[in-house]
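Chains A and B, in that order, give the protein sequences. Using this note's numbering, read the first sequence as starting at 1 and increasing by one per residue. Using this note's numbering, read the second sequence as starting at 168 and increasing by one per residue. Where is the CB? At the ideal position from N, CA and C, for every residue including glycine.
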Amino acid sequence: MAKPISWIGQALLYGLFALIIGYFSNSPPYRHLPADQALIKLSFSHEGKLVSACRQRTAEELAKLAPNMRAPMDCPRERSPVTVEIELDGAPAYRHVARPSGLSKDGASTVYHRIPVQAGEHRLAIRLNDDARATGFNYRREELVTLKPGKVLVIDFNQEAGGITLQ
Amino acid sequence: MMRGALIAYRRIEHGFDPVFGAALNPWRHLGSLGFLFFWIIAVTGLYLYAVLDTSVDGVYRSVNWLSREQWYLGGVLRSLHRYAADAFLLVTLLHLLREFLLGRYTGFRYFSWLTGVPLLWFIYISGVVGIWLRWDQLAQFSAATTAEWLDWLPVFATPLIRNYLSANAVSDRLFSLFVFVHIGVPLLLIFGLWFHIQRISRAEVFPPPALAAGSLLSLLALSLALPIANQAAADLSLVPGPLALDWFYLFWQPLMYATSAGAVWALATGATLLLFVLPVLPHAAAAPVAEVHPDSCNGCRRCFEDCPYAAIVMVPHPSEIQGRELAQVIPDLCASCGICAGSCPSSTPFRSAAELVTGIDMPQMPIGGLRRALEQGLARLTGRNGIVVFGCDQGANVTSLAGKDLASFTLICTGMLPPSLVEYALRGGAAGVLVTGCRAGGCDFRLGNRWTEERLAGMREPHLRARPPGKALRIAWADRGEEAELAVVLDDMRQALAAERLHPIADPIADPIVASTGMTAHG
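Below you can see the structure in the form of structure tokens.
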């Protein structure tokens, strides 16, 4: 191929290369969620209560233990699974039983779940149980929330802040 | 299907030859182009690191400042950094695809293949984390999505996604961690690249200057024409709006929301495992490796110098003569290409021994056998313009060339051809010799056609003792499937030789290297 034609060809192919890089580096645009929707994120990392109550060790039991192991209370390691339910506008939206982590089931129960919803006003009911010895739910929260398009509402659990939190 | 894909690929690759020339065809330099883009990323990254503020508030501001206030330097370098990263990934994937289509993942090549697979993960990790260092809505989306993807694995006591639930969860330390990963993983990548080319001698770690300049200029022009800019600052209380996604690195994130995290894990691990398993899948038995004959090896080191895969080492000669060495073949590294036999000075057919034994030879195609076959072929030639054709198993099929004036021989690689065999053919009655093999830069054994050209041009040992007169020697590189094009070169050679018979050339010591057809051809 003659030199000038070869140069033009090279310029075109280098241009095509740049075009491919430039285009797919930024395009086509991606929209994660439709413009009229909001997102509810449920996330917590919470240690449930112990599966059974601690009990007082007897004097005989304590005597059998090594001196450095003589704790007066005998507590189980295993923690309760954490059950969570979300109701959205009166309809069940999510229910999950989070098992405690760890080989001895003595770690935190964790949950992460995304619920895309139409933007607007919603009645939200969240119920949580972290005690295997209790029946029903020992934490509840009901709220009327207004979610703007694109808003992220995070449902978390923080015992020190009173339990179920919305932010 | 593989065959169809290979034919399609060959058409694309060959389509670039008339524009770039075979030797500068970018498809034949994908690996070294990858190195070039990596070094562009590294150099531009040094400047970006110097100005990056890794605090939560500062990271977006400092990167944005580059693009807005210092667009002429920092902005260009930032864009170049990002576009080079995209180009690096693209050429790496094309390099992988090319080697796969050419079947270069089995036998002695298994090491380069296996060491290349983890590099893909390193490239993705460093590229994706680099996107987070702008902390805009794209970074927010990508970081959160990656956390959700990683959380699918039941290994984290606390889900990683909790780091991105609210603005309060994001700390300065997070960006220090990102910087650590974004710099640390590329360092691992350099180490991995070093491993990747360990079993290749004279590895091309930088593309030819013209190709490097063209690639750099095209990215620079792109950086000026379409500079990379931040999107809106990250706000974890909002779902990111329409995103200018980098599809090279982040294509799997929309895919995850369209399918599931588990599906993307299955895709990623499945693809990785498949790449790892490919070399051990059933394939053709390996060819016999080169053999050294100590009595004929004088320890000249030419095979050691010319081996494209560093499969030959020099050891003390068993004769125990002070200073004399012996070539030794490492079977695991040997490609069975025969380039060593072509480099051996004892591979000359002019030796008077009835049985020609060379210092290093291929058991499946010994040079002695080639001499016998050549003598028989020369005896069968008819007419005054008989031509001997030397080709290779990887390039155009020379046995398909027809004519009573032809004697064709296909070698394992053209690099296996001792130059003295060309002289032997011409002295033995051939009017001309045509040497062919894979297209320039596309030798299946990397250096075969380069060494052949240099040996025949007298630039490399062992060289042709005397230059053949006029048009008696022609080199025409042609890939498999280009037999018709080779036949055209052959016809041209026939006519040139016939013309020389009518008009004898004045100077018989003419330069044999003259460019010819669209293929890389010399004659």
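| Item | Value |
| --- | --- |
| C-alpha gap between B:Met626 and B:Leu173, whole angstroms | 34 angstroms |
| Buried versus exposed, by CB contacts within 10 Å (16 or more), B:Gly241 | buried |
| Extent of the continuous beta strand (DSSP E) to which A:Asp156 belongs | 152-158 |
| B:Val482 versus B:Tyr591, B:Val459, B:His248, residue with shortest Cα-Cα distance | B:Val459 |
| B:Gly113 versus B:Ser486: straight-line alpha-carbon distance, rounded | Because chain B is modelled from 168 through 690, residue 113 of chain B falls outside the range shown and cannot be assessed. |
| Helix, strand or coil at B:Glu458 according to DSSP, with G and I counted as helix | strand |
| 8 angstroms Cβ cutoff met for A:Gln37 and B:Gly381 | no |
| 7 angstroms Cβ shell around B:Met660 - same chain, five flanking residues per side excluded | Ile554, Gly599, Leu601, Lys638, Arg641, Gly690 |
| For B:Ile497, the three-state DSSP class (helix, strand or coil) | coil |
| Alpha helix (DSSP H) segment containing B:Ile292, residue limits | 277-299 |
| Top-ranked residue by Cα proximity to A:Tyr14, from B:Val556, B:Ala379, B:Phe345 | B:Ala379 |
| Against chain A: residues of the region 401-433 of chain B by CB proximity under 8 angstroms | Leu403, Ser404, Leu405, Val406, Pro407, Gly408, Pro409, Leu410, Ala411, Leu412, Asp413, Trp414, Phe415, Pro421, Tyr424 |
| Distance between A:Ser25 and B:Glu371 (C-alpha atoms, nearest Å) | 28 angstroms |
| Close Cβ partners of B:Pro374 (< 6 angstroms) along its chain, the five nearest in sequence each way excluded | His196, Ser199, Leu200, Leu203 |
| Spatial distance of B:Ala673 from B:Pro636 (CA atoms) | Note that B:Ala673 has pLDDT 45, beneath the 50 cutoff, so the model's placement of it is unreliable and no number is given. |
| Short-range partners of chain B found in the region 71-93 of chain A, where Cβ spacing is below 8 angstroms | none |
| Alpha-carbon to alpha-carbon, B:Trp302 and A:Ala35 | 22 angstroms |
| Chain-ordered chain A contacts of B:Asp253 [CB-CB under 8 angstroms] | Ile21, Phe24, Ser25 |
| B:Trp299 versus B:Ile497, B:Arg613, B:Leu417, residue with shortest Cα-Cα distance | B:Leu417 |
| Whether A:Leu39 touches A:Arg99 by CB criterion (8 angstroms) | no |
| Inter-residue Cα distance where the pair is B:Leu269 and B:Arg177 | 10 angstroms |
| Environment of A:Gly136 [buried if 16+ CB atoms lie within 10 Å] | exposed |
| Residue-level contact to chain B via CB, A:Leu13, 8 angstroms cutoff | yes |
| Closer than 8 angstroms to chain A by CB, B:Gly381 | yes |
| Residues in the region 135-161 of chain A having any Cβ partner in chain B nearer than 8 angstroms | Gly150, Lys151, Val152, Val154, Asp156 |
| Candidates B:Glu492, B:Tyr239, B:Met583, of which the one nearest B:Cys511 by Cα | B:Met583 |
| Limits of the beta strand (DSSP E) - the one that B:Leu354 falls within | Segment 339-363 is the alpha helix (DSSP H) holding B:Leu354; no beta strand (DSSP E) there. |
| Span separating the alpha-carbon of B:Gln531 from that of B:Pro455 | 7 angstroms |
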